[in-house]
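A.B. asks: Below is a structure I'd like to ask you about.
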Amino acid sequence: MTVIEKLKSLSIILPPVSGPFGSYIPAKRVGNLIYVAGQLPMKDGKLMATGQVPSKCSVELAIEAAKQCVVNGLAAVNGLPGGVDQIVGVARVGAFVSSDTAFTEQPKIANGASDLLQQIFGPAGQHARAAVGVNTLPRDGSVEIEFIFECAS
Amino acid sequence: MTVIEKLKSLSIILPPVSGPFGSYIPAKRVGNLIYVAGQLPMKDGKLMATGQVPSKCSVELAIEAAKQCVVNGLAAVNGLPGGVDQIVGVARVGAFVSSDTAFTEQPKIANGASDLLQQIFGPAGQHARAAVGVNTLPRDGSVEIEFIFECAS
Amino acid sequence: MTVIEKLKSLSIILPPVSGPFGSYIPAKRVGNLIYVAGQLPMKDGKLMATGQVPSKCSVELAIEAAKQCVVNGLAAVNGLPGGVDQIVGVARVGAFVSSDTAFTEQPKIANGASDLLQQIFGPAGQHARAAVGVNTLPRDGSVEIEFIFECAS
Chain A
0 MTVIEKLKSL SIILPPVSGP FGSYIPAKRV GNLIYVAGQL PMKDGKLMAT GQVPSKCSVE
60 LAIEAAKQCV VNGLAAVNGL PGGVDQIVGV ARVGAFVSSD TAFTEQPKIA NGASDLLQQI
120 FGPAGQHARA AVGVNTLPRD GSVEIEFIFE CAS
Chain B
0 MTVIEKLKSL SIILPPVSGP FGSYIPAKRV GNLIYVAGQL PMKDGKLMAT GQVPSKCSVE
60 LAIEAAKQCV VNGLAAVNGL PGGVDQIVGV ARVGAFVSSD TAFTEQPKIA NGASDLLQQI
120 FGPAGQHARA AVGVNTLPRD GSVEIEFIFE CAS
Chain C
0 MTVIEKLKSL SIILPPVSGP FGSYIPAKRV GNLIYVAGQL PMKDGKLMAT GQVPSKCSVE
60 LAIEAAKQCV VNGLAAVNGL PGGVDQIVGV ARVGAFVSSD TAFTEQPKIA NGASDLLQQI
120 FGPAGQHARA AVGVNTLPRD GSVEIEFIFE CAS
């Protein structure tokens, strides 16, 4: 099954590329790696989760937002020549969670992204990950997630 | 001397793999790179350093915690086929230090990790590094450190 | 035009390598990638921008500081065998902005770096990027930016 077929089977429709929100590009392939820019949880043209977790954004909403970052990240790759079907695995996920200082459950939120990646890519979707808290994110997004995908040579 | 022999000569015993604390894997090899997930300073099953530096965790303890992150990161690699002996160098270290806002000596803490890597790997252990402060980290750890190692092809 | 010639045409003079401010190296080549350590906006031996944006450092100054991080990052690469002329493209920029918690315009600041990279490298200078806020940075710098450059094989 191609990645596109798998996404269809999971009822995931890739949206138009979200952003970029600055003078960068959403995704860049270098050798066998695709670097995807930090994705905000944009949905239908606006952020679906804003503010620090949990005072301004619930853990549950932040988890959904993390899933949306995956969808947006795949849309970014799909805008490259070769599209999402060139992805053969996931190397690394970097998750930044806008957090109240007392909040320490960033992994629970990043799992929203990690679980979805494994649903889509199976064992090849397993990846290394860094998940950290930060005091604020661009546009007041609650999460920002970047990705490194692996491609066939 | 192999990496395993070098670790023995430094009296470093690799612990069981720490974590993962979410739906990711501790280390992933892609081509000649191994991406190691962000390591918390787990020791004997619990965090050896929690809270912001320096109000809740001393600089000295945080430095020791950074060393432990290296040990845990090597344990993560050792869980891969090929183990730590496939490592031929260190490419990048990413250090996140849970910090009071007035604290600006993150490099001093990250040096705990960098110095140990160079002790183990010699000149090949020299690496690029980003060390930053954050307001909070998963499980309230005082440091989280991720690694990219280089392997022979 | 070589990179060195292009820098000259833009009146950019690479300074001596800034730092390292710890036991790491300013840049490391691994295969076709060069990892550049997180650069602070050092200029003439001191930080040109300190403290959180915008309460202690203006957005305008932080943008200039981001440009300086590019200059310092290129100086770091120029200290490697092969110098800046081995760079054929920019893969990823990671921008950390020391931010008041209410500040959410980190992309505007990171654009200082991204725009300059594209001025220097043209279309090959386009890159993926993660820009986030953090509560504090080493030496109280207002920005810290790391780079991954692509080299010819």
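So the protein sequences, as listed, match chains A, B and C. Quick note on numbering: numbering that gives the first Met the number 0 labels position 86 of the first sequence as 85, and the sequence is numbered without any gaps. Quick note on numbering: numbering that gives the first Met the number 0 labels position 29 of the second sequence as 28, and the sequence is numbered without any gaps. Quick note on numbering: numbering that gives the first Met the number 0 labels position 149 of the third sequence as 148, and the sequence is numbered without any gaps. We treat Cβ as the ideally placed atom computed from N, Cα and C, and that holds for glycine.
Report yes or no: do the region 83–95 of chain B and the region 118–127 of chain C share at least 3 C-beta pairs separated by less than 8 angstroms?
C.D. replies: Short answer: they don't touch.
A.B. asks: So the beta strand (DSSP E) ILE195 of chain C belongs to, where does it begin and stop?
C.D. replies: Since the first residue of chain C shown is 0 and the last is 152, residue 195 of chain C is not available in this structure.
A.B. asks: How is the beta strand (DSSP E) around SER97 of chain A delimited, first residue to last?
C.D. replies: The sequence position of residue 97 of chain A within the first sequence is 98, counting from 1. Element bounds for SER97 of chain A: 86–97.
A.B. asks: Closer than 8 angstroms by C-beta to LEU13 of chain A: which residues in its own chain qualify, once you throw out the five before and the five after it? Chain order, please.
C.D. replies: Your numbering for residue 13 of chain A matches position 14 in the first sequence. Within the same chain, LEU13 of chain A has close Cβ partners LEU6, VAL70, LEU73, ALA74, ASN77, VAL83.
A.B. asks: Is it buried or exposed, MET0 of chain C, if we count other Cβ atoms within 10 angstroms and call 16 or more buried?
C.D. replies: Counting from one through the third sequence, the residue named residue 0 of chain C turns up at place 1. When all chains shown are included, MET0 of chain C counts as exposed.
A.B. asks: Count the other CB atoms within 10 Å of the CB of PRO111 of chain A; is the residue buried (16 or more) or exposed (fewer)?
C.D. replies: Start at 1 with the first residue of the first sequence, and residue 111 of chain A comes out as number 112. For the sequence presented, residue 111 of chain A should be read as Gly rather than Pro. Flag for GLY111 of chain A reads buried.
A.B. asks: Count the other C-beta atoms from every protein chain shown that fall within 10 angstroms of the C-beta of GLY21 of chain B, then say buried if there are 16 or more, exposed otherwise.
C.D. replies: Within the second sequence, the letter at position 22 stands for residue 21 of chain B. Answer is buried; the Cβ neighbour count reaches 16.
A.B. asks: Measuring straight from C-alpha to C-alpha, what distance separates GLN51 of chain A and SER17 of chain A?
C.D. replies: For the purposes of this step, residue 51 of chain A is taken as the residue at position 52 of the first sequence. For the purposes of this step, residue 17 of chain A is taken as the residue at position 18 of the first sequence. Approximately 22 angstroms, taken between the alpha carbons.
A.B. asks: Compile a chain-ordered list of the residues in the region 92–117 of chain C whose CB is closer than 9 angstroms to at least one CB of chain B.
C.D. replies: Answer in chain order: GLY93, PHE95, SER97, THR100.
A.B. asks: Nearest chain B C-beta to THR1 of chain C closer than 9 angstroms, yes or no?
C.D. replies: Here residue 1 of chain C refers to the residue found at position 2 when the third sequence is read from its first residue. False, the Cβ-Cβ gap to chain B never drops below 9 angstroms.
A.B. asks: Using a C-beta to C-beta distance shorter than 8 angstroms, which residues of chain B count as neighbours of ALA133 of chain A?
C.D. replies: Taking the first sequence and counting its residues from 1, one reaches residue 133 of chain A at position 134. The amino acid at residue 133 of chain A is misidentified as Ala; the sequence shows Val. In chain order: VAL133, ASN134.
A.B. asks: Going by the CB atoms, is the gap between MET47 of chain A and LEU60 of chain A shorter than 9 angstroms?
C.D. replies: Taking the first residue of the first sequence as position 1, residue 60 of chain A is located at position 61. Taking the first residue of the first sequence as position 1, residue 47 of chain A is located at position 48. In this structure, MET47 of chain A lies closer than 9 angstroms to LEU60 of chain A by Cβ.
A.B. asks: For MET41 of chain A, which residues does DSSP report across the bridge?
C.D. replies: Residue 41 of chain A sits at position 42 when you count from the first residue of the first sequence. Note: MET41 of chain A sits in a beta bridge opposite A:LEU46.
A.B. asks: Could you work out which residues of chain C lie near PHE20 of chain A, taking near to mean beta carbons separated by less than 7 angstroms?
C.D. replies: As a working note, residue 20 of chain A is residue 21 in the first sequence. Simply PRO106.
A.B. asks: So which residues on chain B does ARG28 of chain A lean against when the C-beta distance must stay under 7 angstroms?
C.D. replies: Within the first sequence, the letter at position 29 stands for residue 28 of chain A. Under the 7 angstroms cutoff, chain B gives no residues; its nearest Cβ is about 14 angstroms from ARG28 of chain A.
A.B. asks: When the Cα atoms are used, what is the spatial distance from LEU136 of chain B to ARG128 of chain A?
C.D. replies: Taking the first residue of the second sequence as 1, we reach residue 136 of chain B at position 137. Taking the first residue of the first sequence as 1, we reach residue 128 of chain A at position 129. Taking the straight line from one Cα to the other gives about 14 angstroms.
A.B. asks: From the beta carbon of ARG128 of chain C, is the nearest beta carbon of chain B less than 9 angstroms away?
C.D. replies: Position 129 of the third sequence, counting from 1, holds the residue named residue 128 of chain C. Cβ-Cβ to chain B under 9 angstroms: no for ARG128 of chain C.
A.B. asks: So who's on the other strand from GLY132 of chain A, going by DSSP bridges?
C.D. replies: Position 133 of the first sequence holds residue 132 of chain A. Beta-bridge pairing links GLY132 of chain A to A:VAL96.
A.B. asks: So, at 6 angstroms on beta carbons, what are the nonlocal neighbours of ALA26 of chain B in its own chain, with the 5 sequence-adjacent residues on each side left out?
C.D. replies: One-based indexing of the second sequence puts residue 26 of chain B at position 27. Within the same chain, ALA26 of chain B has close Cβ partners ILE33, VAL35, ALA75, VAL76, LEU79.
A.B. asks: Does LEU60 of chain A get closer than 9 angstroms to chain B when you measure Cβ to Cβ?
C.D. replies: The count along the first sequence starts at 1 and reaches residue 60 of chain A at position 61. No, no contact with chain B.
A.B. asks: Between the alpha carbons of LEU116 of chain B and SER57 of chain A, how many angstroms are there, rounded?
C.D. replies: Start at 1 with the first residue of the second sequence, and residue 116 of chain B comes out as number 117. Start at 1 with the first residue of the first sequence, and residue 57 of chain A comes out as number 58. Looking at the two C-alpha atoms, the distance is approximately 39 angstroms.
A.B. asks: Are the beta-carbon atoms belonging to ASP99 of chain B and PRO53 of chain B less than 9 angstroms from one another?
C.D. replies: As a working mapping, residue 99 of chain B is identified with position 100 in the second sequence. As a working mapping, residue 53 of chain B is identified with position 54 in the second sequence. It is a contact, given that the beta carbons lie within the stated cut-off.
A.B. asks: Among C:ILE119, C:ILE144, C:GLN85, C:ARG138, which residue has its Cα nearest to the Cα of GLN105 of chain C?
C.D. replies: In the third sequence, counting from the first residue as 1, residue 105 of chain C sits at position 106. Measuring from the Cα of GLN105 of chain C, the nearest candidate turns out to be C:ILE144.
A.B. asks: 9 angstroms is my cut-off, CB to CB: does GLY140 of chain A come that close to chain B?
C.D. replies: To locate residue 140 of chain A, count along the first sequence from 1; it is residue 141. No, GLY140 of chain A lies away from the interface with chain B (no Cβ there is under 9 angstroms from its Cβ).
A.B. asks: Give the DSSP-derived three-state secondary structure of LYS55 of chain C in the structure shown.
C.D. replies: Residue numbering aside, residue 55 of chain C sits at position 56 when the third sequence is read from its first letter. LYS55 of chain C falls in the coil class under three-state DSSP.
A.B. asks: Would you verify that the beta carbon of GLN51 of chain A is, or is not, closer than 9 angstroms to some beta carbon of chain C?
C.D. replies: Looking up residue 51 of chain A in the first sequence gives position 52. Judged by the 9 angstroms Cβ criterion, GLN51 of chain A is in contact with chain C.
A.B. asks: For the putative contact between ALA151 of chain B and GLN67 of chain B, defined by C-beta atoms under 8 angstroms, what is the C-beta separation to the nearest angstrom?
C.D. replies: Along the second sequence, read from residue 1 onward, the residue named residue 151 of chain B stands at position 152. Along the second sequence, read from residue 1 onward, the residue named residue 67 of chain B stands at position 68. Not really, about 27 angstroms apart at Cβ, beyond 8 angstroms.
A.B. asks: Do ASP43 of chain C and SER97 of chain C come within 9 angstroms of each other at the CB atom, strictly closer than that value?
C.D. replies: The residue given as residue 97 of chain C occupies position 98 in the third sequence. The residue given as residue 43 of chain C occupies position 44 in the third sequence. No, these two residues do not count as a Cβ contact at 9 angstroms.
A.B. asks: Return the CA-CA distance between GLU4 of chain C and ILE119 of chain C, expressed in angstroms with no decimal places.
C.D. replies: As a first step, residue 4 of chain C must be located in the third sequence, where it is residue number 5. As a first step, residue 119 of chain C must be located in the third sequence, where it is residue number 120. In a straight line, the C-alpha of GLU4 of chain C is about 10 angstroms away from that of ILE119 of chain C.
A.B. asks: Spell out whether any CB of chain C is found under 9 angstroms from the CB atom of LEU32 of chain B.
C.D. replies: As a first step, residue 32 of chain B is located in the second sequence; it is residue number 33 there, counting from the start. Yes, contact with chain C.
A.B. asks: Would GLU149 of chain A and VAL29 of chain B qualify as a contact pair, given that the criterion is a beta-carbon distance under 9 angstroms?
C.D. replies: Residue numbering aside, residue 149 of chain A sits at position 150 when the first sequence is read from its first letter. Residue numbering aside, residue 29 of chain B sits at position 30 when the second sequence is read from its first letter. Yes; because the gap between Cβ atoms is below 9 angstroms, this pair is in contact.
A.B. asks: Contact criterion: CB-CB distance below 9 angstroms. Does ALA74 of chain C meet it with respect to chain B?
C.D. replies: As a first step, residue 74 of chain C must be located in the third sequence, where it is residue number 75. Not one chain B Cβ lies under 9 angstroms of ALA74 of chain C.
A.B. asks: From GLY81 of chain C to ASN134 of chain C, what does the alpha carbon distance come to, in whole angstroms?
C.D. replies: Walking along the third sequence from the start, residue 81 of chain C turns up at place 82. Walking along the third sequence from the start, residue 134 of chain C turns up at place 135. When rounded, the distance between both Cα atoms is 37 angstroms.
A.B. asks: How many whole angstroms separate the CB atoms of ALA65 of chain C and GLY37 of chain A, which I take to be in contact at a CB cut-off of 8 angstroms?
C.D. replies: Along the third sequence, read from residue 1 onward, the residue named residue 65 of chain C stands at position 66. Along the first sequence, read from residue 1 onward, the residue named residue 37 of chain A stands at position 38. Contact doesn't hold; Cβ gap of about 16 angstroms is too wide.
A.B. asks: Given that a residue counts as buried once 16 or more other Cβ atoms are within 10 Å of its Cβ, and exposed if not, what is SER10 of chain B?
C.D. replies: In the second sequence, the residue the question calls residue 10 of chain B occupies position 11. Exposed, because fewer than 16 other Cβ atoms sit within 10 Å of the Cβ of SER10 of chain B.
A.B. asks: Answer with yes or no whether the minimum CB distance from ILE24 of chain C to chain B is below 9 angstroms.
C.D. replies: Residue numbering aside, residue 24 of chain C sits at position 25 when the third sequence is read from its first letter. It does: the Cβ of ILE24 of chain C has a partner Cβ on chain B nearer than 9 angstroms.
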